[in-house]
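Number of protein chains: 2
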Amino acid sequence: MNTVRPLIVQEVCLRDGLQIEPVFVATADKIRLADAFSALGFARIEVSSFVSPKAVPALADAAEVFAGMQRAPGTVYVALVPNLKGAERALAAGAGELNLVMSAGQTHNLANMRMTTDESFEGFARIAALPRGNVLLNGSVATAFGCPFEGAQPVAKVLDLVRRYLDLGCTGITLADTTGMANPRQVAALVEQALPLVGADALTLHFHNTRGLGLANVVAAYDAGAQRFDAALGGLGGCPFAPGASGNICTEDLVAMCEEMGIPTGLDLPALIALSRGLPALVGHETAGQVAKAGRVADLHPAPPGLRAA
Amino acid sequence: MNTVRPLIVQEVCLRDGLQIEPVFVATADKIRLADAFSALGFARIEVSSFVSPKAVPALADAAEVFAGMQRAPGTVYVALVPNLKGAERALAAGAGELNLVMSAGQTHNLANMRMTTDESFEGFARIAALPRGNVLLNGSVATAFGCPFEGAQPVAKVLDLVRRYLDLGCTGITLADTTGMANPRQVAALVEQALPLVGADALTLHFHNTRGLGLANVVAAYDAGAQRFDAALGGLGGCPFAPGASGNICTEDLVAMCEEMGIPTGLDLPALIALSRGLPALVGHETAGQVAKAGRVADLHPAPPGLRAA
Chain A
1 MNTVRPLIVQ EVCLRDGLQI EPVFVATADK IRLADAFSAL GFARIEVSSF
51 VSPKAVPALA DAAEVFAGMQ RAPGTVYVAL VPNLKGAERA LAAGAGELNL
101 VMSAGQTHNL ANMRMTTDES FEGFARIAAL PRGNVLLNGS VATAFGCPFE
151 GAQPVAKVLD LVRRYLDLGC TGITLADTTG MANPRQVAAL VEQALPLVGA
201 DALTLHFHNT RGLGLANVVA AYDAGAQRFD AALGGLGGCP FAPGASGNIC
251 TEDLVAMCEE MGIPTGLDLP ALIALSRGLP ALVGHETAGQ VAKAGRVADL
301 HPAPPGLRAA
Chain B
1 MNTVRPLIVQ EVCLRDGLQI EPVFVATADK IRLADAFSAL GFARIEVSSF
51 VSPKAVPALA DAAEVFAGMQ RAPGTVYVAL VPNLKGAERA LAAGAGELNL
101 VMSAGQTHNL ANMRMTTDES FEGFARIAAL PRGNVLLNGS VATAFGCPFE
151 GAQPVAKVLD LVRRYLDLGC TGITLADTTG MANPRQVAAL VEQALPLVGA
201 DALTLHFHNT RGLGLANVVA AYDAGAQRFD AALGGLGGCP FAPGASGNIC
251 TEDLVAMCEE MGIPTGLDLP ALIALSRGLP ALVGHETAGQ VAKAGRVADL
301 HPAPPGLRAA
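Each protein sequence line maps, in turn, to chains A and B.
Everything in the first sequence is counted per UniProt numbering, starting at 1 for the first residue and increasing by one.
Everything in the second sequence is counted per UniProt numbering, starting at 1 for the first residue and increasing by one.
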């Protein structure tokens, strides 16, 4: 119980947080956020997505953000990439890691990527063959804990997709609960089966808080041996099938939980909260994050005035 | 891992959910909600609070709600009671259980109850001496996981308060995280220490989702052996120190989580969701509950039109 294994938080607000926002956050504001994340010392920052600007207009400035931001030594700057064309653009922009993505659910892959699973992997093979110097390859399995069209995804199928990514030379694997369908028991079971294939230093869990289970799933995954987690400042993001529901798990809520549980993250919680409190001005609405509203557990309140003595 | 121990959900929306609402929900609507909870088969329903109507105007109609609602056999109808006068009113109204409440944090007790801890227990001793037939007594320790004024509360102090309640003849004990300061590690540790004193059939955990950890705390408590949990439809409630933050853990989100984890609750999730979707009309704002917005995990979506074949 009293482990002090660190938990590594990877910031995905700029990509998964902003991609669903109806407003276009100005490129300069994205760059300012990226630089703030770098200054905070995140190990990995997912900067943007090299997809069709028609499909995701919010991230049409991916190359400009990569070009304009500062780079901290030791931080990996990630670009989400669905296909060969996106990979070429990401490499040209100087991404430090290509995050390949396809969905365990065939219907979701067809809907999101306009490709079958096999076609996605044909494209990934071409990407893996590109000269890329020391740029890393991560393979993401979206809808790994359930597909909003098909429902549950068999564990054997998910693990087979993991193996296909590893066979391509991916040095990192992400299991993503894209629409917030995972539960703690399922998470513990899948992490236990994935770790022998992937290793804790290479496995990322990506949870959404769509149904309120995001942090419960983190605890289950961490207790099963996982250590790397995606999260978005303010809990930005969302789900096209759940208007009003939460998006990604919230970076500062996750870091606050870790602090209370005695799990080191290396991140500065007050600085994260301050940064998160600036998000509503950028996106035009309140965010789902709770700690930015409630304050840290350690932020005690003065006793009400006029209390009688005990 | 594959336990099928049931998890007992106790509905507190009418009391802890409504008490902080600025609007007065009409007595007839409260009665309708109470009857709906009875029809759903909750084991315990906290109906109202017999406190000063000046302090909590939202619950000034406590006696009228008790008088107007139907009573299902086997359901315990609970009244929150801070002092002797409240207990007398609750007994006159026909409450099936008096839920005594005081705070582990002395400052919180002085602020909320205008009494010291010892004065609270002097009043409880008088309540315990009242003739009450087969009306049950539950003892609640508020701020058991942290006081917003004082911070952490020593486990020994919390357990001592539990013993004082038991010595008075309480047959149930509630450990309440009144302002959402608990974390899963702390919860597991306190439950493990409380269970030998109280027993799982008599111990209730009462969590707030103020900082997003409500359901993670439920999992930790359940896995440590607890089985009874308070929750409020829609996640109503809130915290005076955290404007905009969530309130009680949400009944339908908790039941949805249990269903996905294979833990029986005996409650009808679609009916709960339908009931919860009527709350915004009563309280005049969106509620914090997630599943009422996102739907159940099992509520799959049709594939988008025009998808090519795989």
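No residue lacks a Cβ here, since even glycine has one placed at the ideal position from N, Cα and C.
No experiment lies behind these values; they were computed from the predicted model shown.
Counting contacts by CB-CB distance shorter than 8 Å, is B:M1 in contact with chain A?
In this predicted model, B:M1 has a pLDDT of only 48, less than 50, meaning its place in the structure is not dependable; the value taken from the coordinates is given anyway. For B:M1, the answer is yes, since a Cβ of chain A falls inside 8 Å of its Cβ.
Measure the Cβ-Cβ separation of A:F50 and A:V78 and say whether it is below 8 Å.
For A:F50 and A:V78, no; Cβs fall outside 8 Å.
I want to know whether the stretch 14-31 of chain B touches the stretch 233-240 of chain B - three or more CB-CB distances under 8 Å.
In this structure the stretch 14-31 of chain B touches the stretch 233-240 of chain B; the number of beta carbon pairs closer than 8 Å is three or more.
Report the rounded CA-to-CA distance for A:T165 versus A:R44, giving the unit in angstroms.
The sequence given here has Tyr at residue 165 of chain A, not Thr. Take the alpha-carbon of A:Y165 and the one of A:R44: they are about 20 Å apart.
Below-8 Å beta-carbon distance, A:H285 vs any chain B residue
No, its Cβ sits nowhere closer than 8 Å to a Cβ of chain B.
Can you find a C-beta in chain A that's less than 8 Å from the C-beta of B:N183?
Yes, its Cβ sits closer than 8 Å to a Cβ of chain A.
If distances are taken between C-alpha atoms only, which option among B:T210, B:A194, B:A294 and B:N209 comes closest to B:L203?
If we check each option's Cα against that of B:L203, B:A194 comes out closest.
Is A:E252 a contact residue of the ligand GDP, with contact defined as CB to any heavy atom under 7 Å?
For the structure depicted, the ligand GDP is absent and the ligand set is empty, with no information on it obtainable.
Close-in-space but distant-in-sequence residues of the same chain around B:R211 (CB under 6 Å, 5 per side omitted):
Closer than 6 Å at Cβ, skipping near neighbours: G180.
For A:A93 and A:P57, what's the separation of their Cα atoms in angstroms?
Take the alpha-carbon of A:A93 and the one of A:P57: they are about 18 Å apart.
If we ignore side chains and look at the alpha-carbon of each, how far apart do B:R114 and B:K157 end up?
So the alpha carbons of these two residues sit roughly 20 Å apart.
Three-state class that DSSP yields for A:N138 in the structure shown
The answer is strand: DSSP assigns A:N138 an E or B state.
Would you report the Cα separation of B:Q153 and B:F145, rounded to the nearest angstrom?
It is roughly 6 Å from the alpha-carbon of B:Q153 to the alpha-carbon of B:F145.
Cα-Cα separation, B:N209 to B:K85
If you draw a straight line from the Cα of B:N209 to the Cα of B:K85, it comes to about 31 Å.
Who are the Cβ neighbours of A:A292 in its own chain at under 7 Å, not counting the five residues just before and after it?
Cβ neighbours of A:A292 beyond the five flanking positions: G234, E252, I273, S276 and R277.
Please classify B:N134 as buried or exposed, where buried requires at least 16 other C-beta atoms within 10 Å of its C-beta.
Label assigned to B:N134: exposed.
Can you list the residues of chain A that B:K293 reaches, using a CB-CB cut of under 8 Å?
Per Cβ cutoff of 8 Å: A242, P243, G244 and A245.
Using a Cβ-Cβ cut-off of 8 Å, state whether A:V219 counts as contacting chain B.
For A:V219, the answer is yes, since a Cβ of chain B falls inside 8 Å of its Cβ.
Nearest-angstrom Cα distance between A:A60 and A:P53?
So the two alpha carbons sit approximately 5 Å from each other.
Cβ of B:L205 within 8 Å of Cβ of B:L175?
Result yes, Cβ atoms of B:L205 and B:L175 sit closer than 8 Å.
Within the continuous beta strand (DSSP E) that includes B:F229, where are the two ends?
For B:F229, the uninterrupted beta strand (DSSP E) segment begins and ends at R228 to A231.
To the nearest angstrom, how far is the alpha carbon of A:P305 from that of B:T143?
Taking the straight line from one Cα to the other gives about 20 Å.
Enumerate in chain order the residues of its own chain whose CB-to-CB distance from B:G123 is below 6 Å, with the five nearest sequence positions on each side excluded.
N83 and L84, listed in sequence order.
Using a Cβ-Cβ distance cut-off of 8 Å, determine whether A:C13 contacts chain B.
Cβ-Cβ to chain B under 8 Å: no for A:C13.
Straight-line CA distance for B:T27 to B:N112?
Roughly 25 Å between the two C-alpha positions.
Does any residue of chain A bring its CB to less than 8 Å from the CB of B:R211?
By this cut-off, B:R211 is an interface position.
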